[in-house]
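In terms of our numbering, the sequence shown has 107 at position 95, counting the first letter as 1, and numbering is strictly consecutive.
What follows is a set of notes on a single structure, which appears directly below.
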Amino acid sequence: MRTASISRKTRETDITLRLNLDGTGAHTISTGVGFFDHMLELFSRHSLIDLELTCKGDLQVDYHHTVEDVGLVLGSALDQALGDRRGIRRYGFFMLPMDEARADVLVDLGGRPYLVWKISHPEQHIRDFNVQLLEEFMRAFCTNARMNLHVVQPYGAEVHHAYEAVFKGLARALRHAVEPDPRDHGIPSSKGTL
Numbered sequence: 013m014r015t016a017s018i019s020r021k022t023r024e025t026d027i028t029l030r031l032n033l034d035g036t037g038a039h040t041i042s043t044g045v046g047f048f049d050h051m052l053e054l055f056s057r058h059s060l061i062d063l064e065l066t067c068k069g070d071l072q073v074d075y076h077h078t079v080e081d082v083g084l085v086l087g088s089a090l091d092q093a094l095g096d097r098r099g100i101r102r103y104g105f106f107m108l109p110m111d112e113a114r115a116d117v118l119v120d121l122g123g124r125p126y127l128v129w130k131i132s133h134p135e136q137h138i139r140d141f142n143v144q145l146l147e148e149f150m151r152a153f154c155t156n157a158r159m160n161l162h163v164v165q166p167y168g169a170e171v172h173h174a175y176e177a178v179f180k181g182l183a184r185a186l187r188h189a190v191e192p193d194p195r196d197h198g199i200p201s202s203k204g205t206l
């Protein structure tokens, strides 16, 4: 089973996370940040990664610690569940429309973390949630997952649609990248290791 369970407790956050890469998209998510929960639920559902996540964070201070630390733990869990990454497709990409918005997401699970983040939408808040925190989430996620991640959101008039397209696009790209490759059961690299 390609699963992982991680608990991480600091003075800022207390996180418990379980995931199953070969799931059905079942999820139970509670971070105390409604919009962020919604994005993670979309991620789980469209990636078919089962996700159980609870985070108790210092929300009275800011949402930053919660959002970034969830990214750290989710990335670490993905890395753990992938093991040596033998037999996976490694690459995934998806162009996703969400009404008037679009997101292009490209993933390489090749072991070298890097984030490209180009979001066109100028609006910075959905209710009291600063959507710029999602870049911090993605950076923490891809660094700890040892993943190269390119996110380009070229247009979209509605901020919710813009970020929903990003998370659904990430889910679909990652779903393809983690899938077993029926033709190649080895390490998907000419170096022999990832």
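Glycine included, every Cβ here is placed at the ideal spot set by N, Cα and C.
This one's a predicted model, so the numbers in the text were calculated from it and none came from an experiment.
### Query
Ends of the alpha helix (DSSP H) at Val-82?
Here residue 82 refers to the residue found at position 70 of the sequence shown. It spans 76-94 - the alpha helix (DSSP H) in which Val-82 sits, taken as one unbroken run.
### Message
Could you check whether Val-164 and Asp-120 sit closer than 8 angstroms to each other, using their CB atoms as the reference points?
### Response
Residue 120 sits at position 108 when you count from the first residue of the sequence shown. Residue 164 sits at position 152 when you count from the first residue of the sequence shown. The answer is no: Cβ separation not under 8 angstroms.
### Validate contact between the stretch 189-196 and the stretch 144-157 using beta carbons, cut 8 angstroms, 3 pairs
Cβ pair count under 8 angstroms is below three, so no.
### Reference Leu-33, options Val-171, Arg-184, Leu-71, closest by Cα
Indexing the sequence shown from 1 puts residue 33 at position 21. Shortest Cα-Cα distance from Leu-33 to any of Val-171, Arg-184, Leu-71 involves Arg-184.
### Task
Look at the alpha carbon of Ala-174 and the alpha carbon of Thr-15, and state the distance between them as a whole number of angstroms.
Numbered from 1 along the sequence shown, position 162 holds the residue referred to as residue 174. Numbered from 1 along the sequence shown, position 3 holds the residue referred to as residue 15. So the two alpha carbons sit approximately 30 angstroms from each other.
### Query
What is the DSSP secondary structure of Val-45, counted as helix, strand or coil?
The count along the sequence shown starts at 1 and reaches residue 45 at position 33. Three-state result, Val-45: coil.
### Message
For Arg-124, report the span of its alpha helix (DSSP H) as first-last.
### Response
On the sequence shown, position 112 is the one that residue 124 refers to. Arg-124 -> no alpha helix (DSSP H), and no H or E assigned at all.
### Query
Would the stretch 94-106 and the stretch 68-75 be scored as touching if the rule is three or more Cβ pairs under 8 angstroms?
No: fewer than three Cβ pairs fall under 8 angstroms.
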